[in-house]
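Chemist: Residue numbering for the sequence shown follows this note's numbering, starting at 35 and increasing by one per position.
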Amino acid sequence: MGDKKRKLAEEATVPEVKKAKRDDKKEKKEKRKAKEVVEEPVVEKSEKKEKKEKKEKKEKKDKKDKKEKEVKKVEEVKVEEKEDKEEKKKEKKDKKEKKDKKEKKDKKEKSKSTDDFDEKPAPEPEAMDVDETPAEKENQKPEAEVAKEEKKEKKDKKSKKEKKSKKEQKTEAEPTDTPAAEEPVEEEGQYKKNTRFICFVGNLPYSADKDSLTKHFEKIAPVSVRVATQIDKPTKCRGFGFIEFDNYDRMKTCLKLYHHSMFDDKKYPPRRINVELTAGGGGKSEHRTAKIEAKNKKLFEERQRNAKEIQREKAKHEQGEEAGQDDFAGVHPSRRNRMA
Numbered sequence: 035m036g037d038k039k040r041k042l043a044e045e046a047t048v049p050e051v052k053k054a055k056r057d058d059k060k061e062k063k064e065k066r067k068a069k070e071v072v073e074e075p076v077v078e079k080s081e082k083k084e085k086k087e088k089k090e091k092k093e094k095k096d097k098k099d100k101k102e103k104e105v106k107k108v109e110e111v112k113v114e115e116k117e118d119k120e121e122k123k124k125e126k127k128d129k130k131e132k133k134d135k136k137e138k139k140d141k142k143e144k145s146k147s148t149d150d151f152d153e154k155p156a157p158e159p160e161a162m163d164v165d166e167t168p169a170e171k172e173n174q175k176p177e178a179e180v181a182k183e184e185k186k187e188k189k190d191k192k193s194k195k196e197k198k199s200k201k202e203q204k205t206e207a208e209p210t211d212t213p214a215a216e217e218p219v220e221e222e223g224q225y226k227k228n229t230r231f232i233c234f235v236g237n238l239p240y241s242a243d244k245d246s247l248t249k250h251f252e253k254i255a256p257v258s259v260r261v262a263t264q265i266d267k268p269t270k271c272r273g274f275g276f277i278e279f280d281n282y283d284r285m286k287t288c289l290k291l292y293h294h295s296m297f298d299d300k301k302y303p304p305r306r307i308n309v310e311l312t313a314g315g316g317g318k319s320e321h322r323t324a325k326i327e328a329k330n331k332k333l334f335e336e337r338q339r340n341a342k343e344i345q346r347e348k349a350k351h352e353q354g355e356e357a358g359q360d361d362f363a364g365v366h367p368s369r370r371n372r373m374a
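Here it is in structure tokens:
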């Protein structure tokens with residue numbers, strides 16, 4: 035009886051043990067699957083990170099290479115520009131040197147020709163000739179100077195004849211002028227030829243140019259207009275310029291009407307310009323600066339006098355209006371209709 039009970043008990047427990055084993059196997063399989071699933075996304079994420087890092091590195095390298103290339107190009111351009119400038123400077127220097135050499139050669143040739151002309155071999159004195167005294171030698175002049183003096187005398191005679199004929203045509207009378215009276219006329223003509231009527235224009239905007247300045251002074255019709263520009267930027271004005279006229283009257287009207295006038299080139303806001311006197315020739319010598327200062331001092335005094343006269347006239351006019359005086363006071367009644 036005891037053996038049978040044992041077999042029955044073992045048969046009853048066998049299915050339970052099998053079930054437990056099956057359950058264990060299932061759990062183990064599920065755990066393995068879960069581990070594989072977890073490991074795959076981790077591997078994928080790591081691969082993605084590595085790819086991104088590689089891409090970023092490549093992009094950085096490309097950017098660096100591009101920047102380096104651009105910097106190299108800029109440096110090459112700068113080097114080329116410097117070389118071009120140096121070549122231009124060298125060419126200019128060579129041209130100047132060549133010109134100087136040519137001028138020196140021409141001067142030497144001219145001096146040689148004049149010396150050869152002046153220093154002609156004089157005839158040797160014969161045995162029977164009398165020696166010349168030093169006073170006589172000094173009085174003797176070279177032939178070139180004599181020829182020049184003769185030419186000058188001929189020109190003076192021609193000019194005098196022409197002036198006489200012009201005066202006769204104008205006056206239709208006999209000529210009564212003496213040569214002493216004709217000399218100051220010649221001096222005046224030379225003075226007119228040498229004098230230049232130039233005005234200095236200051237307080238100009240940096241955008242001013244020759245066209246805008248000529249347009250501003252077009253009513254007076256200047257002969258030449260010059261605008262001072264910067265060396266580095268030839269299109270940029272330095273703030274001043276010069277105007278030249280063909281006669282004194284136009285220069286005087288320019289100084290009177292255009293001083294403190296509003297200059298508007300429609301690039302900068304309009305500004306008040308200064309018109310003053312200057313001297314031709316250029317340079318900063320003491321003689322020239324003193325001459326310009328003296329001219330402008332006289333001009334300033336004249337402008338002050340004119341301003342005082344204008345103020346007096348205004349004051350008189352205001353006093354007359356307050357007193358009730360008529361503008362045509364002192365005029366005959368028969369002429370008032372014509373004056374109105």
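Every residue, glycine too, gets a C-beta built ideally from N, C-alpha and C.
#1: Would the C-beta of Asp-58 count as close to the ligand NAD, meaning under 8 Å from any of its heavy atoms?
#2: Let me check understanding here. Comparing Cα to Cα, which of Ser-241, Lys-253 and Glu-278 lies closest to Gln-264?
#3: Can you name, in chain order, every residue of its own chain whose Cβ lies under 8 Å from the Cβ of Phe-231, other than the five neighbours on each side?
#4: Suppose you measure from the CA of Lys-144 to the CA of Ile-307; what does that come to, to the nearest Å?
#5: Can we say the region 306-325 touches the region 236-252, given the rule of at least three CB pairs closer than 8 Å?
#6: Compare the C-alpha of His-294 against each of Gly-236, Ile-326, Asn-330 and Ala-313 and name the closest.
#7: How long is the line joining the alpha carbons of Phe-274 and Glu-187, rounded to whole angstroms?
#8: For Tyr-302, does the count of other Cβ atoms within 10 angstroms reach 16, so buried, or fall short, so exposed?
#9: With C-beta atoms as the reference, is Phe-234 less than 9 Å away from Phe-276?
#10: Terminal residues of the continuous alpha helix (DSSP H) containing Arg-372?
#11: Do you know offhand how far Arg-66's Cα is from Arg-56's?
#12: Classify Thr-229 as buried or exposed, calling it buried when 16 or more other Cβ atoms lie within 10 Å of its own Cβ.
#13: So what does DSSP say about Ala-207, is it helix, strand or coil?
#14: Got a sec? Which residues, its chain only, sit under 8 Å from Lys-38 by beta carbon, not counting five neighbours each side?
#15: Can you grab the Cα-Cα spacing for the pair Ser-258 / Ala-313, in whole Å?
#16: Between Asp-243 and Cys-271, which are expected to be in contact by the criterion C-beta below 8 Å, what is the C-beta distance as a whole number of angstroms?
#17: With DSSP as the reference, label Leu-311 as helix, strand or coil.
#18: Are there 16 or more other CB atoms within 10 angstroms of the CB of Leu-42, so buried, or fewer, so exposed?
#19: Please classify Pro-268: is it buried, with 16 or more other beta-carbons within 10 angstroms of its beta-carbon, or exposed?
#20: Going straight from the alpha carbon of His-197 to that of Pro-256, what length do you get?
#21: Can Lys-300 and Leu-311 be called in contact, C-beta distance under 9 Å?
#22: For the alpha helix (DSSP H) containing Thr-263, name the first residue and the last one.
#23: Tell me the DSSP secondary structure of Arg-305 in three-state form.
#24: Got a sec? Which residues, its chain only, sit under 8 Å from Lys-133 by beta carbon, not counting five neighbours each side?
#25: Based on the DSSP secondary-structure assignment, which residues constitute the bridge partners of Met-296?
#26: Beta-carbon separation of Tyr-292 and Ile-254 under 9 Å?
#27: Tell me which same chain residues have a C-beta within less than 7 Å of the C-beta of Ala-54, skipping the five on either side of it?
#28: Taking the DSSP output, what are the residues bridged to Val-235?
#29: For a test of the three-state rule: what should DSSP assign to Ala-169, helix, strand or coil?
#30: Report yes if the C-beta distance between Phe-297 and Pro-239 is below 9 Å; otherwise report no.
#31: How big is the Cα-Cα spacing for Lys-88 and Asp-96?
Modeler: With the structure as the only source:
#1: Absence of the ligand NAD is noted for the structure shown, with no ligands found whatsoever.
#2: Mapped onto the sequence shown, residue 264 falls at position 230. Selected option, being the one with the closest Cα: Ser-241.
#3: If you number the sequence shown from 1, residue 231 lands on position 197. Cβ neighbours of Phe-231 within its own chain (closer than 8 Å, five residues either side excluded): Glu-278, Phe-279, Asp-280, Asn-281, Tyr-282, Arg-284 and Met-285.
#4: Taking the first residue of the sequence shown as 1, we reach residue 144 at position 110. Taking the first residue of the sequence shown as 1, we reach residue 307 at position 273. So the alpha carbons of these two residues sit roughly 49 Å apart.
#5: Verdict: yes, contact present.
#6: Locating residue 294 in the sequence shown gives position 260, where the first residue counts as 1. By alpha-carbon distance to His-294, the top candidate from Gly-236, Ile-326, Asn-330 and Ala-313 is Gly-236.
#7: As a working note, residue 274 is residue 240 in the sequence shown. As a working note, residue 187 is residue 153 in the sequence shown. CA-CA distance, Phe-274 to Glu-187, rounds to 46 Å.
#8: Counting from one through the sequence shown, the residue named residue 302 turns up at place 268. The residue in question, Tyr-302, is exposed, as its Cβ has fewer than 16 Cβ neighbours within 10 Å.
#9: Within the sequence shown, numbered from 1, the residue matching residue 234 stands at position 200. Within the sequence shown, numbered from 1, the residue matching residue 276 stands at position 242. Phe-234 places its beta carbon less than 9 Å from that of Phe-276.
#10: Here residue 372 refers to the residue found at position 338 of the sequence shown. Arg-372 -> alpha helix (DSSP H) spans 367-373.
#11: Here residue 66 refers to the residue found at position 32 of the sequence shown. Here residue 56 refers to the residue found at position 22 of the sequence shown. For the pair Arg-66 and Arg-56, the Cα-to-Cα distance works out to about 15 Å.
#12: Within the sequence shown, residue 229 is the residue found at index 195, counting from 1. Around the beta carbon of Thr-229, fewer than 16 other beta carbons lie within 10 angstroms, which makes this residue exposed.
#13: The count along the sequence shown starts at 1 and reaches residue 207 at position 173. Confidence at Ala-207 is low in this model, with a pLDDT of 42, below 50, so its placement is unreliable and no value can be given for it.
#14: In the sequence shown, residue 38 corresponds to position 4, counting from 1. If we look at Lys-38 and ignore the five residues flanking it on each side, it has no Cβ neighbours.
#15: As a first step, residue 258 is located in the sequence shown; it is residue number 224 there, counting from the start. As a first step, residue 313 is located in the sequence shown; it is residue number 279 there, counting from the start. Roughly 15 Å between the two C-alpha positions.
#16: Mapped onto the sequence shown, residue 243 falls at position 209. Mapped onto the sequence shown, residue 271 falls at position 237. The distance from the Cβ of Asp-243 to that of Cys-271 is about 7 Å, consistent with a contact at the 8 Å cut-off.
#17: Taking the first residue of the sequence shown as position 1, residue 311 is located at position 277. Per DSSP, reduced to three states, the secondary structure at Leu-311 is strand.
#18: As a working note, residue 42 is residue 8 in the sequence shown. By the neighbour-count rule (16 or more Cβ atoms within 10 Å), Leu-42 is not buried but exposed.
#19: As a position in the sequence shown, residue 268 is number 234, starting the count at 1. Counting Cβ neighbours within 10 Å, Pro-268 comes out exposed, since fewer than 16 surround it.
#20: Your numbering for residue 197 matches position 163 in the sequence shown. Your numbering for residue 256 matches position 222 in the sequence shown. Here residue 197 is Lys; the residue named in the question, His, does not match the sequence. In a straight line, the C-alpha of Lys-197 is about 30 Å away from that of Pro-256.
#21: Within the sequence shown, numbered from 1, the residue matching residue 300 stands at position 266. Within the sequence shown, numbered from 1, the residue matching residue 311 stands at position 277. Not closer than 9 Å, so no.
#22: For this step, residue 263 is matched to residue 229 along the sequence shown. For Thr-263, no alpha helix (DSSP H) segment is defined; the enclosing uninterrupted segment is the beta strand (DSSP E) at 258-263.
#23: Within the sequence shown, the letter at position 271 stands for residue 305. Arg-305: strand per DSSP, three-state reduction.
#24: Against the sequence shown, residue 133 aligns to sequence position 99. Apart from the 5 residues on each side of it in sequence, Lys-133 has no Cβ closer than 8 Å to any other Cβ in its chain.
#25: What you label residue 296 is simply residue 262 of the sequence shown in a count that begins at 1. Bridge partners of Met-296 according to DSSP: Arg-306.
#26: On the sequence shown, residue 292 is found 258 positions in, with the first residue counted as 1. On the sequence shown, residue 254 is found 220 positions in, with the first residue counted as 1. Yes.
#27: Here residue 54 is taken as the residue at index 20 of the sequence shown, counted from 1. Closer than 7 Å at the Cβ level, and outside the excluded window around Ala-54, lies no residue.
#28: On the sequence shown, residue 235 is found 201 positions in, with the first residue counted as 1. DSSP lists Gly-275 and Val-309 as partners of Val-235.
#29: Here residue 169 refers to the residue found at position 135 of the sequence shown. Annotation note: pLDDT 41 at Ala-169 (below 50); position unreliable, coordinate value reported separately. Look at Ala-169 here: in three-state DSSP terms it is helix.
#30: In the sequence shown, the residue the question calls residue 297 occupies position 263. In the sequence shown, the residue the question calls residue 239 occupies position 205. Their beta carbons are under 9 Å apart, which means Phe-297 touches Pro-239 by this criterion.
#31: Taking the sequence shown and counting its residues from 1, the one referred to as residue 88 is at position 54. Taking the sequence shown and counting its residues from 1, the one referred to as residue 96 is at position 62. Computed Cα separation, rounded: 12 Å.
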